[in-house]
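Enquirer:
Residue numbers (the working numbering): 6 to 1002.
1) Going by beta carbon distance, what residues of the same chain come within less than 7 angstroms of residue 531, once the five residues before and after it are set aside?
2) Could you tell me the distance, in whole angstroms, from the CA atom of residue 4 to the CA atom of residue 214?
3) Pick helix, strand or coil for residue 705, following the three-state DSSP scheme.
4) Are the segment 668 to 683 and the segment 509 to 517 touching, with three or more C-beta to C-beta distances below 8 angstroms?
5) In angstroms with no decimal places, state the Cα-to-Cα distance between residue 296 and residue 855.
6) Would you give the residue range spanned by the beta strand (DSSP E) that residue 319 belongs to?
7) Alpha carbon to alpha carbon, what distance is there between residue 575 and residue 634?
8) Could you give the residue range of the alpha helix (DSSP H) that holds residue 908?
9) Report yes if the CB atom of residue 573 is closer than 9 angstroms to the CB atom of residue 841, and no otherwise.
10) Which residue wins for smallest C-alpha separation from residue 193, given the options 174, 244, 184 and 172?
11) Roughly how many angstroms separate the alpha carbons of residue 694 and residue 764, rounded to a whole number?
12) Are there 16 or more other CB atoms within 10 angstroms of the CB of residue 375, so buried, or fewer, so exposed?
13) Could you tell me which residues DSSP puts in a beta bridge with residue 736?
14) Just to confirm my understanding: we take residue 163, look at its own chain, exclude 5 residues before and 5 after, and list those with CB closer than 6 angstroms. What are they?
15) Considering only their Cβ atoms, is the gap separating residue 443 from residue 919 smaller than 9 angstroms?
16) Helix, strand or coil, according to DSSP, for residue 244 in the structure here?
17) Output yes or no for whether 9 angstroms exceeds the beta carbon distance between residue 554 and residue 596.
18) Which residue comes first and which comes last in the alpha helix (DSSP H) that contains residue 472?
19) Quick check: the Cα distance between residue 738 and residue 723, rounded to an integer number of angstroms?
20) Measure from the alpha carbon of residue 788 to the alpha carbon of each residue in 863, 773 and 796, then state which is nearest.
21) Beta-carbon within less than 8 angstroms of residue 812's beta-carbon, same chain only, minus the 5 sequence neighbours each way: which residues are those?
22) Terminal residues of the continuous alpha helix (DSSP H) containing residue 775?
23) Please report how far the alpha carbon of residue 136 lies from the alpha carbon of residue 151, in whole angstroms.
24) Using a threshold of 9 angstroms, state whether the C-beta atoms of residue 949 and residue 90 are closer than that.
25) Buried or exposed for residue 289, going by 16 or more other Cβ atoms inside 10 Å?
26) Taking only the alpha-carbon atoms, compute the straight-line gap between residue 253 and residue 196 and give it to the nearest angstrom.
27) Of all the alpha helix (DSSP H) runs that stay within the bounds of the segment 128 to 186, which reach a length of 4 or more residues?
28) Indicate whether residue 831 and residue 871 have their beta-carbon atoms separated by less than 9 angstroms.
29) Can you grab the Cα-Cα spacing for the pair residue 939 / residue 95, in whole Å?
30) By alpha-carbon positions, which one of 538, 714, 709 and 306 ends up nearest to residue 700?
31) How about the segment 425 to 441 and the segment 908 to 915: do they share at least three Cβ pairs that are nearer than 8 angstroms?
32) Give the secondary structure of residue 619 by DSSP, where H, G and I count as helix, E and B as strand, and everything else as coil.
33) Taking the alpha carbon of residue 833 as the point to measure from, which residue in 281, 914, 904 and 932 has its own alpha carbon closest?
34) What does the Cβ neighbour count give for residue 378, buried or exposed, with the cut at 16 atoms within 10 Å?
35) For residue 109, which three-state DSSP category applies?
36) Measuring alpha carbon to alpha carbon, tell me which of 75, 113 and 427 ends up nearest residue 923.
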C-alpha cells in the first residue's frame, strides 16, 4: 500500500510540475528538456529508494532448503522441455516403437560383483524400453550404459528415461537432466566441472553462488540432486574416449548416479583405451525385427478397404513383399526406429507410395534406402505447402545444417546466425545498424534540420565523409576493441567485465590508433589557428578521420563494459514484485516526461530539435521499461533478490568503468593532442614576411609584435554567440554553425553578419578577428578566427600563426585533455548501466527461441534509452560551461544519442537484425526467419531445447550438410522414375482421411 501511495504521489507531482512549466516558463525548449530531465531524476531516485529498501526480507532458509527448491524448479523446467519434445515426435501417436534390449557383452561392463555391490541384480519384468527406468532404479549403483547403433533409438530412450524418472520423482528428489556429450573435452575439463557449467549456462539461476565458493549447480551435483543422462558418448573426439572413461570413474561417488548412451563401437574402443565404467551395467538395444516395424507402420497408416472388404493400408502389399524377402535392402533398413519413423513421415500423405521401395535398382543397398528416406523427409514434412515452398525449405534448412556442421555443433541459436554473414558485414553491420536507428530517431526532426543543425557539416560531401568515417571507425572498434568471448556482466576476474589483460590491450590499441588518426587529421587540416571541436575543416578527409575517431569511442565504452564481439541474450534484473513495480514507475515517469517534452514541439511552442529528440528518447526508454516489467518472458530466479542489488551493481560498474575509461581517455586524448600539435608544427615551416605588403586585397602590418591582416571587402557569414559574455565564433558564408540553440542555454544563438571591414590580429600566434558592423547596431565584434581562415591567402595564414611552439601547444592541448576527462565520465555511465541492467537470459527455461529474442530486444532498447539519457545528464554540465570552452558543447550534444543506438546495435538482437536483413535480402533465408524456424519445428524437422533449435536427428543434419540435394518429393519426381499410384491391396473403394504424419 505504501508503495502504491508513493507511486501515485510521484505521478501527481510530475503532472503538476509539467503543468506549472507549461504555463509559466517562457523558453519552451528548456521547459521540455526540464520535464524529461526531472522525469529521469525522479525515476532514478525512485529506483534507488525502492531497491535499497527492497521487498520484505524473506524468511531465512537453510542451504538445503535452497537446494531442494532449486531442484524442484529444475525438475519442472526439464519436464516441460521434454514433454513438449515427446509430443512433437508423436511418441504417443498412438504408441512409441517398443525397442527391445538385452545385457551386452560382459567384457564391456564391470564385474557383476561390483555392479551388484555384493547382491543380486534385479531381473527385468520384460526386456522393453518402458521398463528400463524402473529396472535402473533397482540397480545398487544406479549406473547404466546403453549401447546401440545409429538410429537405434538411444536419444529417444534417454528422453523417455528422463520423463519416466520425473514421473516417479518426489519433491526434493534427484532430477534427471539430459546432457549431450558432444561439447565436453575430457582432456581439459572434469566431468563435474563441465556438468556444473552446462547447468549454469542452460539454466541461469543455477549459476548463483550459494555459499561463497560453489555455484548452486555444483551444489546440486555434489549432493546427488542431479541425475546426469549423458547422451552421445560416441560424439566425443575419438582420441578422447579413454580419457573420458577415466575422468568419469575418477569423479564417481555414491551421490552421482548416471545413465550413458553410446554406439557399441565407440564404447568398445573406450573400454580398450581406458577402462569399464565402474559399477555400471551395460545393456544393448536390439534391432527391430520386420514384424515390429510392420506392425507400427500398419497402425500409423491411413486405413483402407479393398473391394472384397478386407482391411489394409498402403503399406500392406509392400510389407508382404518385404516379409517374403527379409534380406532385401528395404527390409534391413527398417530395422532401426529412426528409419521406421522417417518411413512413416515420408509416406504418410497421398503424394507418395511406399511401393517405390521395392525398386531393386534404385534401392540396392541399405545406405541407398536410408539416404532416400532422409532426403525425402523434409519435402514430406512440407507436403501440404506448394512445391516451391517445399524446395525452398530444403534449401534453407541445408544452409543451416551446413552452418552447424562447420561450427561442429547441433544447436541452432538465433544470436549465432551472424556467423552466416560475410566477415566484412559482421564487422561493418553493427555500425550501419546504429546509424540506421539514429536516422530513424532523427525523422521527427526532419532531414534538413538534422543535417544542418545536428551534424554540423557544411556540405553533402562532408556529411558523406563523416558517415563513412563513422562506419569504418565502428567496424575497427568491433573487430579490435570488443572482447572476444561471451558477455560477462555478472563478473569476471576483476569483479565484472572483461579480463584485465584485454583492457590493457584495448587501451594500448585505442591510444595508438587515436594518435595515428589525429596525426593524419592534423596533416589534412589546418590547426595552426588553434583547435576546438565543431570547427570548419579543410575538405572531406578531416571529416572522414573525425567520423572514425568519434565512433571509436562507442565501441571503446561498451568493450570496457564487457559487451562481447559475439553477444549472447541478456535480460533485465527484475526478479521480484518490488523491482518490477519500481521499473514500472520509472517507465511511466519517463514516458510521461518524454511525451510532455515532445508535446511542446507538436504544439508549436518550440521548434528546437533537441527537445523532440530528448522527448522521444525518454518516451522510448519508458515504454521499454514498462514492457519489460509487465511482460514476463521467463520465470523468476531460483533465489530471492537481495535489496539494493541493482544499485550496487550500477555503483560497481560506474567506479570500475570510470577508472578504466578515464585512464584510457586521458592518455589517448593527450597522445592525440601531442600528435596533432607535433604534426602541425612540423608542417608549418617558414613563412614569408608580409609586413607592410598588400596581397589579394589584404593589407598586412606588424607593430610591437602584433600582426594584422585587414581588408575593406565586405565579408558575410554567421556568428555563433555562446552566451555568458563569451567570445563569439565566426563562420564563413555557407557554413552552418553547429548547435545554434541548445536547451538550458537560452542566450546561445546564431546571427548573420556582414562586415564592412575585417581585421585579423595575431599576438604570439594567437589569432582573433575583428568584424566591423556585424550587427544592426554597427558595433565591432572580436570573434574566434579559426573558422574564417579560408578567407585569408595561404601565405597570410602562415604569417599570422607564427609564434612559439609552447604557446601553440598551450592553446591546442587543453581541449584534448578535457575531452579525455569527458570520455572517462561517459564511459563510467555506460559501464554502470550495462552492469546494472544486464543479467544472463535463462536460455533453458525460455518458452522458446522467440521468447528469448523478445526478451533481449526489450532489454536492448531499455539499456539503450537509459544509457542515452544518463549520458545526456552527464553532458549537461559540459553544455553549461561558460563560453563553450574548446567546443565541448558540440561534443556533449553529439555524444548522448549515438550512445543509445550503439547499445542497441551491439546487442545480440542487433546482430540478429543485421543477419536477418542480409539473409533475407540475398534470398538465403526468409524475411520472417523465426516464423520459418517455428514452422519447421511444428512440422517435426526441428526440435526446441529452451532458446535453441536443433535438427530432429543428427543423421538428418549430417545428410543435409553433406548432400542438400532435394530428394524427389511432391512435384519433383525424377524423370526416370514415373510416379506410382497409391492403391490398397485390391484397390481402394472409399475411406479417405489419412493419419497425419
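Ideal Cβ positions, reconstructed from N, Cα and C, are used throughout, including at glycine.
It should be emphasised that the depicted structure is a prediction, and the values quoted were computed from it without experimental measurement.
Expert: From the atom records:
1) Only residues of its own chain outside the window of five on either side were considered, and among them 543, 794 and 802 have a CB closer than 7 angstroms to the CB of residue 531, listed in chain order.
2) With the chain running from 6 to 1002 in the structure shown, residue 4 is simply not present.
3) strand
4) The segment 668 to 683 and the segment 509 to 517 touch, with no fewer than 3 CB-CB distances between them shorter than 8 angstroms.
5) 42 angstroms
6) Boundaries for residue 319: no beta strand (DSSP E) harbours it, and the DSSP string shows neither H nor E there.
7) 15 angstroms
8) 893 to 910
9) No. Outside cutoff.
10) Of the candidates 174, 244, 184 and 172, the one whose C-alpha sits nearest the C-alpha of residue 193 is 244.
11) 18 angstroms
12) buried
13) 723
14) 183, 234, 236 and 266
15) no
16) helix
17) no
18) Per DSSP, residue 472 belongs to the alpha helix (DSSP H) from 465 to 485.
19) 7 angstroms
20) 773
21) 769, 770 and 771
22) It is not in any alpha helix (DSSP H) - residue 775 instead sits in the beta strand (DSSP E) that spans 771 to 777.
23) 14 angstroms
24) Annotated as proximal: residue 949 and residue 90, with beta-carbon spacing under 9 angstroms.
25) It is buried - the Cβ of residue 289 has at least 16 other Cβ atoms within 10 Å.
26) 6 angstroms
27) 137 to 143 and 159 to 173
28) Going by C-beta atoms, residue 831 is not nearer than 9 angstroms to residue 871.
29) 17 angstroms
30) 714
31) yes
32) helix
33) 904
34) buried
35) coil
36) 427
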